[in-house]
Amino acid sequence: MTTHHKHRVSLGDLRSQRWFASEDIRGFAHRQRTQQMGLRREEFMGKPVIGILNTWSDASPCHAHLRDRAEAVKRGVWQAGGYPIELPALSVGEVMVKPTTMLYRNFLAMEAEELLRSHPIDGCVMLGGCDKSTPGLLMGAISMNIPAIYCPAGPMSNGRWRGQITGAGTHTKRYWNELQTGAISKDDWIDLESRMTRTNGTCNTMGTATTMTSIADAMGLCLTGASSIPASDSGHPRMASACGERAVAMVWEDLKPSDILSAASIRNALVTYMALGGSTNAAIHLIAMARRAGLSLTLDDMNAMAEKIPVLVNLFPSGSYLMEDFYFAGGLPALLRKLGDHLDGSAMTVEGRCLGEAISGSECYDDNIIRDLNNPVVPLEAGRTLVLLRGNLAPDGAIMKTSAADPQKLQHRGPALVFDSPAEMAAQINDPDLDITRDTVLVLRNSGPVGGPGMPEWGNLPIPNKLLKQGVTDLVRISDGRMSGTHYGTCVLHVSPESAVGGPLALLQTGDTVILDAHAGRLDVDLPMQELERRRQGWSRPVSPYTRSFTALYQRHVSQAHEGCDFDFLEGTDPVPEPSIY
5 MTTHHKHRVS LGDLRSQRWF ASEDIRGFAH RQRTQQMGLR REEFMGKPVI
55 GILNTWSDAS PCHAHLRDRA EAVKRGVWQA GGYPIELPAL SVGEVMVKPT
105 TMLYRNFLAM EAEELLRSHP IDGCVMLGGC DKSTPGLLMG AISMNIPAIY
155 CPAGPMSNGR WRGQITGAGT HTKRYWNELQ TGAISKDDWI DLESRMTRTN
205 GTCNTMGTAT TMTSIADAMG LCLTGASSIP ASDSGHPRMA SACGERAVAM
255 VWEDLKPSDI LSAASIRNAL VTYMALGGST NAAIHLIAMA RRAGLSLTLD
305 DMNAMAEKIP VLVNLFPSGS YLMEDFYFAG GLPALLRKLG DHLDGSAMTV
355 EGRCLGEAIS GSECYDDNII RDLNNPVVPL EAGRTLVLLR GNLAPDGAIM
405 KTSAADPQKL QHRGPALVFD SPAEMAAQIN DPDLDITRDT VLVLRNSGPV
455 GGPGMPEWGN LPIPNKLLKQ GVTDLVRISD GRMSGTHYGT CVLHVSPESA
505 VGGPLALLQT GDTVILDAHA GRLDVDLPMQ ELERRRQGWS RPVSPYTRSF
555 TALYQRHVSQ AHEGCDFDFL EGTDPVPEPS IY
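Letter by letter, the sequence shown follows residues 5 to 586 of the numbering used here.
This is the structure:
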């Protein structure tokens with residue numbers, strides 16, 4: 005088994021000593037102002053300083069309990085002989101932030117890195133969980149490269165409504181469609197509104213939040229199994245306290261993200277991602293995180309892994325259970341143990357021991373929820389977590405989650421119905437005279453990283469009411485945007501390059517024949533190259549209304565979906581100098 009063997013650092017090696025140990029007037033001011041907050045000198049002098057980056061917000065139900073969890077982290081830090089400093093960070097709550105939290109993932113990554121760099125911090129605990137908070141915080145920590153441990157917010161408790169299990173997001177969409185057809189009433193809908201999401205915490209389906217925290221766990225960036233603990237469980241604050249305690253030890257051990265992240269940990273992330281039946285959004289975030297660490301990862305790597313590892317976790321939207329069930333079945337450690345030799349057990353974790361050792365005692369308590377490799381939730385031939393598509397509509401790639409799609413539509417040929425914006429789509433989609441059939445391919449463009457801006461989750465395009473009433477519950481849908489990890493359907497996503505920068509989707513016209521062959525990994529329009537080139541001559545790039553603000557910076561510097569949607573000036577491992585103190 006691999007163990008972290010770096011020498012124990014001395015007090016003089018700590019970053020915070022530049023602030024607190026100096027005998028000049030600046031050092032006096034730092035010590036003086038810390039005591040101004042009621043602390044005694046001996047409570048902070050000579051101790052590792054642990055930053056607690058807290059994404060708590062009144063606008064983020066996923067993180068509503070993190071104010072209390074920060075106190076638990078502090079308890080662990082004090083217990084281990086450290087000095088905790090809590091710093092607020094952007095919450096990026098998925099529900100309230102518009103047009104999309106993806107617009108602000110890189111903002112949070114920048115903020116996290118600069119909060120850590122500009123303060124007297126030796127190590128950190130990051131509190132997050134809602135979709136973009138996990139990659140945002142981790143990208144910042146990877147770039148800063150000081151000892152860091154992720155404390156996931158945890159999933160909300162199971163939802164129930166009139167005796168039926170209800171999962172956040174997945175069943176919202178399902179019941180919305182039933183409301184449109186009259187299967188449930190407006191009063192039913194209002195009743196459901198107050199009963200589906202019962203506690204604080206992230207979505208309880210295998211959406212983006214639970215996918216990303218589980219992946220972070222598998223990569224060794226959390227205490228092993230932390231990602232599965234429900235937010236409302238008494239084990240959650242105990243885990244938070246343990247994070248604080250462990251962060252102090254990591255400082256003395258000098259155990260940094262660069263010691264944990266490796267080709268092995270990236271492989272483990274991919275294996276776990278596929279076995280989870282995880283969110284398509286993880287494809288973007290994993291590439292961005294890998295690039296921050298200077299590691300190679302492409303959509304082709306993901307596709308190759310998806311061809312080998314079937315969906316083993318029986319959770320919505322690919323399965324039939326929720327995260328609380330997963331936790332009681334053994335949680336992520338049980339899944340990792342079942343994956344066996346597909347994982348690299350030598351990969352390091354924040355615990356200072358290898359992953360194989362960390363999961364060695366794990367057990368599964370329900371083989372229907374956490375399946376064996378020979379009994380997957382969805383056999384590989386029937387559907388996968390990720391399928392990579394290329395063709396004349398997606399030269400750099402597009403992806404699908406075929407495990408949550410209609411198998412009958414994975415090979416499809418039909419006429420395109422193209423919308424240039426969600427507003428145009430909303431205005432027309434339920435027009436009774438709309439020329440649309442079950443064979444139509446719905447297309448939404450200008451929803452990518454630049455065009456959105458921020459690549460909103462508009463990819464799960466609505467089924468027109470008139471088709472819902474005919475019993476049609478799925479259509480082939482294509483966009484350069486994203487889709488909530490809690491949703492399902494035959495949705496082609498992340499088409500790259502996006503239409504706003506001149507990708508072929510910009511040249512598509514209503515009535516063109518679109519050909520999808522997920523089995524062959526193809527997405528094409530049935531047109532000769534000469535016709536596409538003719539149309540390109542008449543295309544001009546849309547003029548952005550953003551001439552200032554963060555959004556303007558975002559549009560100028562964001563990369564495309566297949567590259568991770570990071571900023572070009574943030575990728576890589578080039579060191580940034582420590583701040584000057586005079």
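All C-beta atoms in this analysis are idealised placements derived from N, C-alpha and C, irrespective of residue type, glycine included.
Residue i classed as buried or exposed, judged by whether at least 16 other C-beta atoms fall within 10 angstroms
| i | result |
| --- | --- |
| residue 550 | exposed |
| residue 193 | exposed |
| residue 561 | exposed |
| residue 344 | exposed |
| residue 522 | buried |
| residue 355 | buried |
| residue 559 | buried |
| residue 126 | buried |
| residue 572 | exposed |
| residue 5 | In this prediction, residue 5 has a pLDDT of 48, which is less than 50 and means its spatial position is unreliable; what the coordinates show is noted afterwards. When all chains shown are included, residue 5 counts as exposed. |
| residue 578 | exposed |
| residue 23 | buried |
| residue 412 | exposed |
| residue 219 | buried |
| residue 406 | buried |
| residue 661 | Residue 661 is absent from the structure shown; the chain starts at 5 and stops at 586. |
| residue 581 | exposed |
| residue 623 | In the structure displayed, the chain extends from 5 to 586; residue 623 sits before or after that span and is not available. |
C-beta atoms of residue i and residue j nearer than 9 Å
| i | j | result |
| --- | --- | --- |
| residue 494 | residue 402 | no |
| residue 565 | residue 488 | no |
| residue 471 | residue 479 | yes |
| residue 158 | residue 233 | yes |
| residue 454 | residue 481 | no |
| residue 311 | residue 417 | no |
| residue 136 | residue 98 | yes |
| residue 89 | residue 53 | yes |
| residue 59 | residue 141 | yes |
| residue 173 | residue 211 | yes |
| residue 131 | residue 222 | no |
| residue 507 | residue 398 | yes |
| residue 456 | residue 107 | yes |
Unbroken beta strand (DSSP E) run spanning residue i, endpoints
| i | result |
| --- | --- |
| residue 87 | 87 to 92 |
| residue 416 | 415 to 423 |
| residue 403 | 398 to 404 |
| residue 106 | No beta strand (DSSP E) contains residue 106, which DSSP labels as neither H nor E. |
| residue 156 | 152 to 156 |
| residue 60 | No beta strand (DSSP E) holds residue 60; DSSP gives it neither H nor E. |
Span separating the alpha-carbon of residue i from that of residue j
| i | j | result |
| --- | --- | --- |
| residue 238 | residue 528 | 52 Å |
| residue 203 | residue 134 | 14 Å |
| residue 198 | residue 340 | 35 Å |
| residue 240 | residue 432 | 46 Å |
| residue 358 | residue 351 | 5 Å |
| residue 208 | residue 462 | 21 Å |
| residue 79 | residue 301 | 38 Å |
| residue 530 | residue 438 | 23 Å |
| residue 17 | residue 396 | 55 Å |
| residue 138 | residue 213 | 8 Å |
| residue 332 | residue 371 | 11 Å |
| residue 267 | residue 299 | 7 Å |
| residue 224 | residue 156 | 13 Å |
| residue 443 | residue 109 | 36 Å |
| residue 274 | residue 265 | 13 Å |
| residue 256 | residue 584 | 24 Å |
| residue 105 | residue 42 | 37 Å |
| residue 121 | residue 19 | 9 Å |
| residue 498 | residue 293 | 18 Å |
| residue 69 | residue 57 | 14 Å |
beta-carbon residue i near the ligand MN non-hydrogen atom, thresh 8 Å
| i | result |
| --- | --- |
| residue 402 | Annotation note on the ligand MN: not contained in the displayed structure, which lists no ligands. |
Terminal residues of the alpha helix (DSSP H) in which residue i lies
| i | result |
| --- | --- |
| residue 4 | Given that the chain is displayed from residue 5 to residue 586, the structure contains no residue 4 and the question cannot be resolved. |
| residue 526 | Per DSSP, residue 526 belongs to no alpha helix (DSSP H); it is in the beta strand (DSSP E), 526 to 529. |
| residue 289 | 285 to 296 |
| residue 304 | 303 to 310 |
| residue 300 | Looking at the DSSP string, residue 300 is not in any alpha helix (DSSP H), and its letter there is neither H nor E. |
| residue 137 | 137 to 148 |
| residue 239 | 239 to 257 |
Cβ of residue i within 9 Å of any chain B Cβ
| i | result |
| --- | --- |
| residue 381 | Chain labels in this structure do not include chain B; a single protein chain is all it has. |
Legend entry - Contact between the segment 271 to 284 and the segment 316 to 336 (3+ Cβ pairs under 8 Å): yes
Inset, instruction - Inspect the CB distances between the segment 251 to 261 and the segment 175 to 185 and report whether three or more fall short of 8 Å. - result: no
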